[in-house]
Amino acid sequence: MGGGNTRKERPGSYRGFELLPVHLYVLVHLKKAGVDYAKMMAKVSGLPLELIEDAINDLLELGLIERDSGSAIKRSRARFKKAFEVHKHHTYYRLSREGELFVRSIDEWWLKRYFNSLIPDGWKVVNALVESRDVREAGRKVQLNDNIIEELKILRFVTEKGRKTEFFKRLWEFLQ
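The UniProt record's numbering puts the first residue of the sequence shown at 1, with every later residue one more than the last.
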């Protein structure tokens with residue numbers, strides 16, 4: 001499999017490129033959606049459009065996603081669309097073959113290593129956050145210091161007030 005993510009590679013990287021949670025989100029969003037466009041990914045995740053566009057450009061460069069050609073798109077390919085067929089008014093993206101293989105390789109082992117590489121005890125922290133209403137409740141389940149809470153904010157997993165973001169909820173939902 002020509003240079004994909006191997007078990008020997010650093011967790012959270014692909015061909016030496018550090019994958020951020022937003023990159024992971026775009027990949028799993030496209031896996032669920034089939035094809036989609038940047039503005040919709042931003043809307044669903046609650047992230048700024050510019051952040052999604054930057055992630056898309058990175059993933060295009062890595063060859064994990066590609067532009068979808070054609071002028072119309074059927075619901076069978078764009079699973080989040082409500083209409084049977086839609087004429088494209090945006091640039092749509094889909095996983096490349098390499099991207100499909102990479103997303104398929106994401107398992108619990110990979111996720112544990114990935115989240116642990118982002119923050120100390122990241123896997124435990126993320127699971128505690130998933131099972132909690134907010135960061136304060138998660139802090140009763142695992143040790144959360146100010147640095148970890150600040151990192152959760154930087155990663156856009158929690159808001160300034162400590163609530164889970166829509167981005168974090170969607171990312172976790174799509175990873176399941």
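Glycine included, C-beta positions come from ideal geometry on N, C-alpha and C.
The model shown is predicted, which means the values in this text are computed figures rather than measured ones.
From the options, residue whose alpha carbon lies closest to that of residue i
i	options	result
L62	G16, N116 and V135	G16
R140	A128, K39, L19 and T159	A128
K169	I148, R133, N147 and W109	R133
V130	F167, R113 and S69	F167
Residue i and residue j closer than 9 Å at C-beta
i	j	result
I106	L175	yes
F102	L171	no
P21	L155	yes
A38	T91	yes
Own chain, CB closer than 6 Å to residue i, minus 5 neighbours either side, in chain order
i	result
R79	Here the model assigns R79 a pLDDT of 49, short of 50, so the residue's position is not dependable and the matter cannot be decided.
F115	G122, W123 and V126
7 Å Cβ shell around residue i - same chain, five flanking residues per side excluded
i	result
L30	D36, I65, Y93, R94 and L95
D41	Correcting the residue identity first, residue 41 is Met in this sequence and not Asp. Excluding positions up to five away in sequence, the list reads V26, H29 and I52.
Residue i classed as buried or exposed, judged by whether at least 16 other C-beta atoms fall within 10 angstroms
i	result
S13	exposed
K43	exposed
R104	exposed
E98	buried
Same chain, Cβ closer than 8 Å to residue i, neighbours up to 5 away in sequence not counted
i	result
E151	L118 and I119
T165	G46, R156, F157, V158 and T159
R136	G162
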